[in-house]
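Here's the structure, in C-alpha cells; my notes come after.
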Amino acid sequence: MAAIFRSSLRLRPTTRLSAVRTLTTTPHMRAAEKPYFPDEPSAPKLATAIPGPNNKAAAAKLDKVFDVRSLNMLADYYKSNGNYIADLDGNVLLDVYAQIASIPVGYNNPHLRKVAESPEMVNALINRPALGNFPSHDWADILDTGILKAAPKGLNQVFTALAGSDANETAYKAAFMYYRQRERGGAETEFTEEELETTMKNQSPGSPQLSIMSFKSAFHGRLFGSLSTTRSKPIHKLDIPAFDWPQAPFPSLKYPLEEHAQENAQEEQRCLQETERLIKEWHNPVAAVVVEPIQSEGGDNHASPAFFRGLREITKRNNVLFIVDEVQTGVGATGKFWAHDHWNLETPPDMVTFSKKAQTAGYYYGNPALRPNKPYRQFNTWMGDPARALIFRGIIEEIERLNLVENTAATGDYLFSGLERLAKQYPEHLQNLRGKGQGTFIAWDTPKRDEFLVKAKGVGVNIGGSGQSAVRLRPMLVFQKHHADILLESVEKIIKQL
Ligand SMILES: Cc1ncc(COP(=O)(O)O)c(C=O)c1O
Numbered sequence: 155m156a157a158i159f160r161s162s163l164r165l166r167p168t169t170r171l172s173a174v175r176t177l178t179t180t181p182h183m184r185a186a187e188k189p190y191f192p193d194e195p196s197a198p199k200l201a202t203a204i205p206g207p208n209n210k211a212a213a214a215k216l217d218k219v220f221d222v223r224s225l226n227m228l229a230d231y232y233k234s235n236g237n238y239i240a241d242l243d244g245n246v247l248l249d250v251y252a253q254i255a256s257i258p259v260g261y262n263n264p265h266l267r268k269v270a271e272s273p274e275m276v277n278a279l280i281n282r283p284a285l286g287n288f289p290s291h292d293w294a295d296i297l298d299t300g301i302l303k304a305a306p307k308g309l310n311q312v313f314t315a316l317a318g319s320d321a322n323e324t325a326y327k328a329a330f331m332y333y334r335q336r337e338r339g340g341a342e343t344e345f346t347e348e349e350l351e352t353t354m355k356n357q358s359p360g361s362p363q364l365s366i367m368s369f370k371s372a373f374h375g376r377l378f379g380s381l382s383t384t385r386s387k388p389i390h391k392l393d394i395p396a397f398d399w400p401q402a403p404f405p406s407l408k409y410p411l412e413e414h415a416q417e418n419a420q421e422e423q424r425c426l427q428e429t430e431r432l433i434k435e436w437h438n439p440v441a442a443v444v445v446e447p448i449q450s451e452g453g454d455n456h457a458s459p460a461f462f463r464g465l466r467e468i469t470k471r472n473n474v475l476f477i478v479d480e481v482q483t484g485v486g487a488t489g490k491f492w493a494h495d496h497w498n499l500e501t502p503p504d505m506v507t508f509s510k511k512a513q514t515a516g517y518y519y520g521n522p523a524l525r526p527n528k529p530y531r532q533f534n535t536w537m538g539d540p541a542r543a544l545i546f547r548g549i550i551e552e553i554e555r556l557n558l559v560e561n562t563a564a565t566g567d568y569l570f571s572g573l574e575r576l577a578k579q580y581p582e583h584l585q586n587l588r589g590k591g592q593g594t595f596i597a598w599d600t601p602k603r604d605e606f607l608v609k610a611k612g613v614g615v616n617i618g619g620s621g622q623s624a625v626r627l628r629p630m631l632v633f634q635k636h637h638a639d640i641l642l643e644s645v646e647k648i649i650k651q652l
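Numbering (our numbering), first residue to last: 155 to 652.
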C-alpha cells in the first residue's frame, strides 16, 4: 500500500526543489501527533506566483474547448498528496477547500487506490449496470457493507443517485408520490383516468400543484427541481422556470452565541412560527420541508439543535415529510458522521440526502411507503454507480481505521480555539466566527473576503468562500492539528497583508 502511495510521489519535479520556497517548516509541527500519511508534505511549497506560467498556459489551452470562467486553479492530481494539492508549476498548497468539500480521506489515499485497483472495481467500471434493471449479483452486499453501513439512525434503505442535486430531486419525487398516495387512500388505490390524462398535459390532478418548502439562503442544487428549492444567489436561478414553492426564513444568529442566547432563541422561534404558518397557508400544499443542517453555499448559516427539533415537530404535526440535505455536512465533517446526529431528534428525518464526501449520492429512508407503489416511477438508466459505491465503502473503511470522525471533532475544537484567539486579535478581519463544536465545519465573515481568498494561495493555502462574505473551511477528514497550526499561521499572514 505504502509503495503504491509513494509511486505517485516519484512524479514530483525534484529538479525544481532548490527553487521551491517551503513556507512553513518543522517548528510548526507543534501539535505533536502522528501524521496519517508519512509521505505527505510537511508544509506548503511555493515555486512561482500563482497562477504560474504552466498553469496560465494550460488554462489558455483549456479555454479553447471548455468554459474556464469559473476556474480556481488547474491541479496536478498525480502530484497531489493527502491534504496537499499540487499545481503545474511546482506549487503545493494545503487544501482546506477539498474540491468544494468533497474529498474525504486525502488525495491519492493509498487505501482508495487499492480499492480502485481491485478486480471488483474494474468489473464495476467496465460493466456499468443499469441498476434498476440489471443490478449485479453482489449489489446488496456492496450496499450493506458500504452505503447502508453508514446509514443514519432509523433509516435502513437507500435510493442511489448520481449527484447531490439528483439525490434531492429524487427525494422530492418520493415525497410527492407519498403525499398523493396518502390522499388516494393507500398504495393499492389505482390512478384515475383523469389523473392519467391530465398528467400527460402537465395539469392537475395528474401533475398536482404540490410544493417543497425550503429556507431563504438555502442551496439544494442546480437541476430543475432542486433549483426551485435553492435560494442562495440569483445568478444560480436566473432564466430558469421555477415552481411556485414557499421559502421560510432561516434564523439569522448573532455571534458569539453565548452572548446572544436569548435573542437567538427568539429569532429561531420567529422562524419556526413562520415556517408553520407557511405550511398551513401556502396555496400549493407542502409535501416536504428540506433543510441543510448548516446552510453551506448560502454563507455558512447555523441554527441550534432546538431549532431543528422544533422543525421536526412542526413537520410531524402537519403531516409533512422532513428531508435533511446532508450533501455538504455529511460524512464526518461536523465531528459526527451525520450533522443531524448533533440534534438528538426523537424521530429520525424521513429522508437524508447525501453526496460530496460520500463520492456517490442518494437518499436514505426508512418508511417502506416511501417506495413508490409501482415500478418505474422512480427510475433512470444508471440509478447510481457501483464503482462510486465501492469507493464510498473504501472511504468508510478508512474513516473507521483512522477514527477520522473523532479526529475531525478534536482537530475542529483545536482549530476553533486558535481562530478565537485570532478573532480577538483581529476583530475587524475575523467576524462572526462560527462552527464551535461542529468539527472543522468552521467559517467567519471578513469584509475583504475575495481578496482574502486570492491572497491565501500566495501563502500556500487553498481556501474557499461561501455566501457574500464568509471564508469557509472545508478540510478533509485527514486534516490534523499540525495542519491546523499551518492554517492558523497562514490566516494571520493573510490578514496582515489586507
Ligand atoms: C447542501 C447541498 N445540497 C445539494 C448540493 C448539490 O450537489 P451537486 O452539486 O452534487 O449537485 C450541494 C452542492 O454544493 C450542497 O451543498
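The beta carbon of each residue, even a glycine, is placed where N, CA and C say it ideally should be.
Quick check: the Cα distance between residue i and residue j, rounded to an integer number of angstroms?
i      : j      : result
Leu652 : Leu607 : 11 Å
Asn586 : Glu551 : 36 Å
Leu573 : Ile301 : 34 Å
Glu351 : Leu381 : 27 Å
Glu422 : Lys370 : 14 Å
Asp495 : Gln592 : 11 Å
Thr353 : Gly360 : 4 Å
Leu377 : Asp320 : 7 Å
Arg170 : Asp243 : Low confidence applies to Arg170: its pLDDT is 36, below 50, so where it sits in the model is not reliable, and the reading given next is rough at best. Cα to Cα, Arg170 sits roughly 9 Å from Asp243.
Tyr231 : Val443 : 39 Å
Pro529 : Tyr326 : 17 Å
Ala415 : Ser450 : 22 Å
Thr483 : Pro447 : 7 Å
Ala523 : Glu643 : 52 Å
Phe491 : Ala304 : 8 Å
Ala252 : Cys425 : 33 Å
Phe462 : Gly538 : 29 Å
Ser224 : Ala487 : 25 Å
Gln634 : Asn561 : 7 Å
Lys653 : Gly453 : This structure leaves residue 653 out entirely; the chain is present only between 155 and 652.
Thr324 : Pro601 : 38 Å
Asp604 : Gly206 : 20 Å
Glu646 : Asn616 : 15 Å
Thr429 : Gln420 : 14 Å
With a cut-off of 8 Å on the beta carbons, I'd call residue i and residue j a contact; round off their distance for me.
i      : j      : result
Lys199 : Val246 : 4 Å
Gly566 : Thr594 : 4 Å
Leu248 : Ile640 : 6 Å
Gly375 : Asn322 : 5 Å
His636 : Glu187 : 7 Å
Val269 : Leu544 : 6 Å
Tyr518 : Pro306 : 6 Å
Val478 : Pro503 : 4 Å
Ile649 : Tyr580 : 5 Å
Lys511 : Pro195 : Not a contact, Cβ separation roughly 22 Å.
Val481 : Thr507 : 6 Å
Ala541 : Leu279 : 5 Å
Val625 : Gly619 : 6 Å
Ser272 : Pro283 : So it is not a contact: roughly 17 Å between Cβ atoms.
Pick from the options: whose alpha carbon is nearest that of residue i?
i      : options                        : result
Phe397 : Leu642, Lys650, Pro362, Glu467 : Pro362
Met505 : Pro400, Phe373, Gln311, Ala211 : Gln311
Gln335 : Arg525, Glu467, Ala305, Thr202 : Arg525
Glu347 : Gln253, Ser358, Arg603         : Ser358
Gly379 : Phe462, Ala415, Gly318, Asp604 : Gly318
Gln427 : Pro410, Arg471, Asp243         : Arg471
Arg632 : Ala563, Glu274, Ala515         : The question names Arg, yet the displayed sequence has Val at residue 632. For the residues Ala563, Glu274, Ala515, the minimum Cα distance to Val632 belongs to Ala563.
Ile433 : Phe570, Leu364, Thr314, Ile394 : Leu364
Ile239 : Lys611, Val645, Ala372         : Lys611
Ala402 : Lys387, Ser386, Met367, Asn418 : Met367
Thr202 : Tyr190, Asp241, Lys215, Ala212 : Asp241
Leu316 : Thr535, Gly618, Phe570         : Thr535
Asp599 : Ser623, Pro273, Gly614         : Ser623
Asn235 : Ala638, Met630, Glu646         : Met630
Ala329 : Gln532, Asn455, Phe404         : Gln532
Arg588 : Glu435, Thr501, Asn455         : Asn455
Leu465 : Asn498, His437, Gly489         : Asn498
Tyr190 : Glu605, Arg555, Gly548, Leu576 : Arg555
Tyr261 : Arg338, Ala255, Asn237         : Asn237
Would you please verify whether the beta carbon of residue i is less than 8 Å from any beta carbon of chain C?
i      : result
Glu451 : Here there is only one protein chain, and chain C is not present.
Is residue i near ligand 3, in the sense that its beta carbon is under 7 Å from a heavy atom of that ligand?
i      : result
Ile280 : Ligands displayed in this structure: ligand 1; ligand 3 is not among them.
TODO: Kindly provide the ranges of any beta strand (DSSP E) runs that are 3 or more residues long and lie completely inside the stretch 325-393, ordered along the chain.
DONE: 365-369
Open item on the list: At 4 residues or longer, what runs of the alpha helix (DSSP H) sit wholly inside the stretch 423-511?
Closed with: 459-471
- [ ] Return the chain-ordered ranges of every alpha helix (DSSP H) run that is complete within the stretch 194-253 and spans a minimum of 4 residues.
- [x] 207-217
TODO: Would you list, in sequence order, the uninterrupted alpha helix (DSSP H) runs of no fewer than 4 residues that lie entirely inside the stretch 531-616?
DONE: 540-555, 558-579, 603-612
TODO: Entirely within the stretch 253-325 and at least 4 residues each: give me those alpha helix (DSSP H) ranges in chain order.
DONE: 264-270, 273-280, 293-299
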